Amino acid sequence: MKRGIVSILVMIVLLACGRERESIEEKQEVKPVKTIEAIRRSIKKEVVGNSDILPMNRVTQITKPGGEVVEIGYKNGDLVAKGDLVVKIYNEEVISRYERARAENINREAQMERRKKFAERERRRDLQEAKAAYIQAREELSAAEKRWQEGQINYERNSQLYNEGLISEIEFLQLESSYQEAKATYTSLKSGGVAEKKDKYELAAYRVKEKEWEYDIREAVSAYELALAEYNAAKKDYDDLDIRARIGGRVANMDLDLYDEIDENIPLFDILDTQVVRVETTVAGSDISHISLEDKVEVWVEDLEERYIGEVYEINPQADIATRRFPVKVAIDNPQGRLKSGMYAKVIMKSVTTEGLVVPKEAVMIRELVEYIAVVRDGEAKILAVSTGISEDNQVEVRGDGLEEGDRVVVRGQYLLEDGDRVREVE
């Protein structure tokens, strides 16, 4: 009888445990989730950058001398060709300096040409003239010496006659005066005239021997070159009074009125060459090796809501020190001129294609800097650590232990899940 009682008690305990387990299971929450299948496919990474649209070429034009605005040929937005006169400035000081420099340059050039043609001939002529003058001076000295000697003899003879009273005092004084004059002439020629003519002759001969005219020519050339430099500088300032377009393009940023007084070295306007425009973006080091010159890229211009095709024309091999990214420049044809400088653009450069398991980006959770996804297996949630790869649109490549193709990946409700939670898939 005791054995029967024990059996009944065991059955009662087992029945109670079973009912308790059923009660716990009934109380466990079943969480609704939305899932999508993890599939293996090719995915292409897009390198996206943002940039303002810039003209391919831009020139800011200034007037160095300054002055008064006397003519405005074009306004903002007008198309100009290289060399067109856009603005004319008047500056009296600049014009006067130019005219003086031009006249001086003409004068110095004429002197230089004259020296080149006649310097040697003039030096040789000077030598002949100095030689002739020296010979003439020697002849005059010889004649003067002869007259002095004859006068001395005549004076001494007549002095004796005068002392003897044979000639009058007047006659003697006339003879004495002639003698003194002949003596003075001889002395003057001997001490001054001939020596001076000799020095001039020897100097002229030395100048011819050393070809002094070559120095004269170099001096004239140097003076001409100095005058030419002054003229060129003055002409540059003079020409700068006519502000001509340095490149073809459209006028921009002009804020001028007739008769405005313009200070020197200030910007007057810009010329924008927008037949081709450019955008400048940057690319990460992990992507730069996949970008090449002449690559075609998409450029989305938000202001126009239009898509354009550009071409990579410059890749900087040196990364920016601050951002560690590589500058890339893209050219875009703009024949209609719809793309304006300063418009905002997004540059889309396709870079890397790979194959792997792909899930929507919203499936990836980040907890304490670690990436996770939740998958559903046998009605339970499994939380798997993953690492993400490249992304395309809303899809991202994921890699992780235990993740398999065909897994149902939770894309809604995953943030409320813990590993092992019971789940129910909903549409």
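Counting from 1, position 293 in the sequence shown corresponds to residue 293 in the UniProt record's numbering; the numbering is continuous, with no gaps. The C-beta atom is built at its ideal place from N, Cα and C for all residues, glycine as well. Source: prediction; values computed, not measured.
Residue i (DSSP reduced to helix, strand or coil)
i           : result
residue 185 : helix
residue 163 : helix
residue 154 : helix
residue 223 : helix
residue 294 : coil
residue 112 : helix
residue 100 : helix
residue 107 : helix
residue 412 : strand
residue 168 : coil
residue 322 : coil
residue 275 : strand
residue 194 : helix
residue 265 : coil
residue 50  : strand
residue 94  : helix
residue 61  : strand
residue 85  : strand
residue 423 : strand
residue 285 : helix
residue 141 : helix
residue 341 : coil
residue 230 : helix
residue 246 : coil
residue 357 : strand
residue 211 : coil
Pair within 8 Å by beta-carbon distance, residue i and residue j
i           : j           : result
residue 94  : residue 241 : yes
residue 231 : residue 105 : yes
residue 255 : residue 58  : no
residue 52  : residue 342 : yes
residue 66  : residue 86  : no
residue 252 : residue 226 : no
residue 347 : residue 30  : no
residue 283 : residue 54  : no
residue 294 : residue 314 : no
residue 328 : residue 299 : no
residue 209 : residue 133 : no
residue 296 : residue 288 : no
residue 50  : residue 281 : yes
Close Cβ partners of residue i (< 6 Å) along its chain, the five nearest in sequence each way excluded
i           : result
residue 112 : 220, 221 and 224
residue 383 : 372, 374 and 419
residue 183 : 148
residue 32  : 424 and 426
residue 152 : none
residue 421 : 31 and 381
residue 302 : 344
Buried or exposed (CB count within 10 angstroms, at least 16 for buried), residue i
i           : result
residue 22  : Because residue 22 sits at a pLDDT of 47, beneath the cut-off of 50, its placement in the model cannot be relied upon, and the following sentence gives the value as read from the coordinates. Flag for residue 22 reads exposed.
residue 233 : exposed
residue 321 : exposed
residue 237 : buried
residue 26  : Caution applies to residue 26, whose pLDDT of 47 falls short of 50 and renders its modelled position unreliable; the value that the coordinates give is listed next. So residue 26 counts as exposed.
residue 326 : buried
residue 417 : buried
residue 413 : buried
residue 70  : exposed
residue 38  : buried
residue 114 : exposed
residue 173 : exposed
residue 76  : exposed
Sequence-distant residues of its chain with Cβ nearer than 7 Å to residue i (five each side left out)
i           : result
residue 35  : 376, 408, 409, 410, 411 and 425
residue 337 : 274
residue 390 : 43, 45, 352, 354 and 397
residue 194 : 137, 138 and 141
residue 205 : 127
residue 213 : 119, 120 and 123
residue 306 : none
residue 350 : 44 and 46
residue 175 : 154, 155 and 158
residue 324 : 285
residue 235 : 98
residue 178 : 151
Residues near residue i in its chain [Cβ-Cβ closer than 8 Å; skip 5 each side]
i           : result
residue 40  : 355, 356, 357, 358 and 405
residue 353 : 42, 43, 44 and 45
residue 264 : 63, 64, 65 and 66
residue 385 : 370, 371, 372, 400 and 401
residue 435 : Because the chain in this structure spans residues 1 to 427, residue 435 falls outside the shown range and cannot be described.
residue 266 : 62, 63 and 66
residue 318 : 326
Item to check | the region 387–398 in contact with the region 347–364 per 3-pair CB rule at 8 Å | outcome: yes
Checklist entry - Is the region 240–258 touching the region 99–119, taking contact as three or more C-beta pairs under 8 Å? => result no
Next on the checklist: Between the region 161–175 and the region 203–218, can you find at least three pairs of beta-carbon atoms closer than 8 Å?
Outcome noted: no
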